[in-house]
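Colleague: Heads up: the sequence shown begins at -10 in our numbering, then just goes up one per residue. Sharing a structure with you now.
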Amino acid sequence: MRKSIKQAYEDYLKLRTDLQKTCTALHNLHSPHTQCGKGCSSCCMDFGLMPVEFHYIVEQLKNKPIALNRETEKGQCIFLVNNECTIYEHRPIICRSHGLPILFMDEEGENYNLSFCPLNFNNVNDNYFSFENSYHQDTFNSKLYMINKAFIEAYTEHRYQSSQLVPIHCMPKFL
Ligand code: SF4
């Protein structure tokens, strides 16, 4: 593996580890108020992944027996089998924030928007969410964008555009 690709994968893994710590702390903080758990898979969509993340996960899954949902409904994730994730340990970054209140900047870059699952937080009032107890999506996504930029510059097998995403359902072709 080329050094620059290896470095991008290492940077991705470090970011994912840091993000997981943040998400775990937030999940623990919110757990008295949330319903999210095994069996609910409403968040499990066919997400588009940045190429660095897509190919890193492919590397981890290569030659491993992974159960796939071949009859998935359109738009659903192929790794959702019997309402469980078959690649849980390697799931993408976006999946790690499932169930958290997500804070992100609007397109104009002027205001924060908050998104949360009403099935999950069905018993809190409007004042419950705050800047401190929400997941700051843009902070991690901007770091991931820079890692991906370095990756796609080094990756010569396919020329990706800077904002190109690869849907999860493309993964089996590479496994
Ligand atoms: S990778 Fe796993 S957690 Fe993520 S959307 Fe697919 S089934 Fe859900």
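We put the CB at the ideal spot given by N, CA and C, even for glycine. Small disclaimer: the values here were computed from a predicted structure and weren't measured.
(1) Could you please give the first and the last residue of the uninterrupted beta strand (DSSP E) stretch that includes L91?
(2) Under 6 Å: does the beta carbon of F68 sit that close to some heavy atom of the ligand SF4?
(3) Taking DSSP as the reference, what is the three-state secondary structure of N109?
(4) Would you check if the distance between the CB atom of P156 and the CB atom of G64 is smaller than 7 Å?
(5) Buried or exposed: where does F105 fall if 16 or more other Cβ atoms within 10 Å of its Cβ makes it buried?
(6) Which two residues bound the contiguous alpha helix (DSSP H) that contains S131?
(7) Take S31 as the anchor and find which of M39, G88, L4 and I76 has the nearest alpha-carbon.
(8) Mind checking whether the beta-carbon of R80 lies closer than 6 Å to any heavy atom of the ligand SF4?
(9) Need the endpoints of the beta strand (DSSP E) that Y45 sits in, please.
(10) How should A(-3) be labelled, buried or exposed, when 16 other C-beta atoms within 10 angstroms of its C-beta is the threshold for buried?
(11) Please report how far the alpha carbon of V113 lies from the alpha carbon of H22, in whole angstroms.
(12) For N165, which of helix, strand or coil comes out of DSSP?
(13) Following the continuous alpha helix (DSSP H) through H16, name the residue where it begins and the one where it ends.
(14) What does DSSP give as the partner residues of Y74 in its beta bridges?
Modeller: On the basis of the data shown:
(1) Within the sequence shown, the letter at position 102 stands for residue 91. The identity of residue 91 in the sequence shown is Ile, whereas the question assumes Leu. Taken as a continuous stretch (DSSP letters only), the beta strand (DSSP E) holding I91 covers I91 to M94.
(2) The residue labelled residue 68 in the question sits at position 79 within the sequence shown. Yes - the ligand SF4 has a heavy atom lying nearer than 6 Å to the Cβ of F68.
(3) By one-based count along the sequence shown, residue 109 stands at place 120. N109 sits in coil when the DSSP states are folded into three classes, being neither helix nor strand.
(4) Indexing the sequence shown from 1 puts residue 156 at position 167. Indexing the sequence shown from 1 puts residue 64 at position 75. No; because the gap between Cβ atoms is not below 7 Å, this pair is not in contact.
(5) Here residue 105 corresponds to residue number 116 of the sequence shown, with the count starting at 1. Burial of F105 is indicated by the presence of at least 16 other C-beta atoms within 10 angstroms of its C-beta.
(6) Taking the first residue of the sequence shown as position 1, residue 131 is located at position 142. Run containing S131: Q126 to A143, per the alpha helix (DSSP H) assignment.
(7) The residue given as residue 31 occupies position 42 in the sequence shown. Looking at the Cα atoms, G88 is the closest of the given residues.
(8) What you label residue 80 is simply residue 91 of the sequence shown in a count that begins at 1. Yes, the beta carbon of R80 sits closer than 6 Å to at least one heavy atom of the ligand SF4.
(9) The residue you call residue 45 lines up with position 56 of the sequence shown. For Y45, no beta strand (DSSP E) run applies; the uninterrupted alpha helix (DSSP H) run containing it begins and ends at P40 to L50, by DSSP.
(10) For the purposes of this step, residue -3 is taken as the residue at position 8 of the sequence shown. Looking at its Cβ environment, which holds 16 or more other Cβ atoms inside 10 Å, A(-3) is buried.
(11) Position 124 of the sequence shown, counted from the start, is the residue given in the question as residue 113. Position 33 of the sequence shown, counted from the start, is the residue given in the question as residue 22. Those two C-alpha atoms are separated by around 7 Å.
(12) Residue coverage of the chain in this structure runs from -10 to 164, which leaves residue 165 outside it and unanswerable.
(13) The residue labelled residue 16 in the question sits at position 27 within the sequence shown. Looking at the DSSP string, the run of the alpha helix (DSSP H) that includes H16 is K(-8) to H19.
(14) Mapped onto the sequence shown, residue 74 falls at position 85. Reading off the sequence, residue 74 comes out as Cys, not Tyr. For C74, which the question treats as bridged, DSSP gives the partners L69.
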